[in-house]
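Residue numbering for the sequence shown follows the UniProt record's numbering, starting at 1 and increasing by one per position.
Some notes on the structure that comes next.
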Amino acid sequence: MKKQVAVFFGGRSAEHDVSIITGLQLMDNADTAKYDLIPVYITREGAWFTGEALRNIETFKHFDPQTKGLLPCWLSPVAGERALKAEVTRTFGKKIQSYPIDVAIPAMHGMHGEDGTLQGLFELADIPYVGPAVLGSACGMDKIVMKSVFRDNGIPVLDAVAFDRGEFELDREGVLDRIEGALPYPIFVKPANLGSSIGISKASDRASLQAAVEVAIHYDHRILAEKGVNHLKEVNCSVLGIGARAETSELEEPVSWKEFLTFEEKYMRGGKGAKSSGGKGGMASLDRKIPAEITPEQAQRIRDISLQAFAALDCCGVVRIDYIIDLDEEKIYLNEINTLPGSFAFYLWEPKGMPYRQLIDRLVELAQERFAIKTKNAFAFQSALLQSQGGGAKGSKR
């Protein structure tokens, strides 16, 4: 019997458009002999819709919620119900229709999709879902927390200074002094909770540092100022599996015409990497060298760190981990982990003999495996606490 798989994409995030590409790519490559796909599109304003028209990219170029066949919908948070609810208009009123869900696939990058919030809803609804759980998703999304966790696990990361929008607005000069006192130029300034290179700027002096911070605080209230590397090579590695039982992909070396990969380079160039079973668009369109042109020792070090980072965040499914190699100091630094990578990083698994369709099958299997592990946990504890309470129970907790 076919599995009912709901694919969630779009969302209230600056990465909304990228999420649409990722969702459509996945649905185009999923095996329809195995899955009935339920597209769930979340608008920039947070409205939910389902319907077959959401399989067509033309629907989103000038999105109209009145498009034929689109239904307002929501996910029931009732554990055990495991269903998408849709409002169907009939001749004599409206009817609520249920669509059972066996597995949910969040194809949503950034806030309200990749940061643990949507994962929390799936947990409440007791639905198996693809990707890391709430903790791993939240830690992987926040660059400040992520860096702290990795450093505590002995994983090499670049030096940085963290602060928030409120601090900067209260004492701009003090924050700039703190950054300059801790880090040499160049300095990269990043929103803590955003991906796709949105809001990232390079600063080479105090004036450009202030300008970079002002760009970043437009997107997030938590900001990271990070040490820059003058002569570097970027290398990415994907990890697939669950917890300590995981494997690494082929390594890639993104080709950039600028000093760091921009949003346009990541998603809008349509380069050689687009020619694959996954189709054009998303991270698949980025120009890249596969395998990365690094030494065998560097490649093995990156693979080892990747598995360590995957386990440190208790990840599941597929992630992409981005590295910086300092060519002057010959050091490797973990730059960031993408717990819901663009295009699900399928292009890094194809060289290992795993086409996108097979990767999707594996992601669904891992979601169900993780769910089976969770069901072994005890969620109830029988106690006599309530029976022992009298009429004056209020405030009895000490």
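Think of the CB as a built atom: it goes at the ideal place given N, C-alpha and C, for glycine as much as any other residue.
Would you say the region 2 to 18 touches the region 183 to 197, given that touching needs at least three Cβ pairs under 8 Å? yes
Bridge-paired residues (DSSP) for Trp48: Ile42
Just list the beta strand (DSSP E) runs in the region 179 to 259, keeping only unbroken ones of 3 residues or longer that don't cross its boundaries, in chain order. 187 to 191, 201 to 203, 222 to 227, 232 to 242, 245 to 248
Pick helix, strand or coil for Glu15, following the three-state DSSP scheme. In this structure, Glu15 counts as coil in the three-state DSSP scheme.
In the DSSP assignment, find the beta strand (DSSP E) that holds Ser388 and state where it starts and stops. No beta strand (DSSP E) holds Ser388; the alpha helix (DSSP H) holding it covers 385 to 388.
Determine the contact status of Glu52 and Gly69, defining contact as a CB-CB distance below 8 Å. yes
Assuming contact is defined by CB atoms lying nearer than 8 Å, are Glu234 and Tyr323 in contact in what I supplied? Against a cut-off of 8 Å, the Cβ pair of Tyr323 and Glu234 comes out as a contact.
Quick one: any contact between the region 217 to 227 and the region 156 to 170, if contact means 3 or more CB pairs under 8 Å? yes
Residue range of the unbroken beta strand (DSSP E) whose run includes Gly93: 93 to 100
Could you have a look at Val134 and say whether DSSP puts it in helix, strand or coil? Note: Val134 maps to helix in three-state DSSP.
By a C-beta neighbour count over all protein chains shown, 10 Å radius and 16 as the cutoff for buried, is Val78 buried or exposed? exposed
Around the Cβ of Phe92, are there at least 16 other Cβ atoms within 10 angstroms (buried) or fewer (exposed)? exposed
Return the CA-CA distance between Ile20 and Leu232, expressed in angstroms with no decimal places. Spanning the two alpha carbons is a distance of roughly 32 Å.
Let me confirm a value: Ser383 is counted as buried when at least 16 other C-beta atoms fall within 10 Å, else exposed. Which label applies? exposed
Let me check one thing: in DSSP terms, what residues is Glu87 bridge-paired to? Ile96
With the cut-off set at 8 Å, would you say Glu87 and Ile101 are in Cβ contact? no
Quick one, which of Leu334, Ile325, Asp326 has its alpha-carbon nearest Ser306's? Leu334
Could you compute how far the alpha carbon of Ala367 sits from the alpha carbon of Lys147? 26 Å
Quick one: what does DSSP say Phe8 is sitting in, helix, strand or coil? strand
Does Gly140 come out as helix, strand or coil in the three-state DSSP assignment? helix
Assign His109 to one of two classes, buried (16 or more other C-beta atoms within 10 Å of its C-beta) or exposed (fewer than that). With 16 or more other CB atoms across the displayed protein chains lying within 10 angstroms of its CB, His109 is buried.
Among Pro341, Arg320, Cys315, Glu253, nearest to Gln298 - alpha-carbon criterion: Glu253
Do you know offhand how far Gly116's Cα is from Arg90's? 36 Å
Would you mind stating whether Val134 and Gly120 have Cβ atoms separated by less than 8 Å? In this structure, Gly120 lies closer than 8 Å to Val134 by Cβ.
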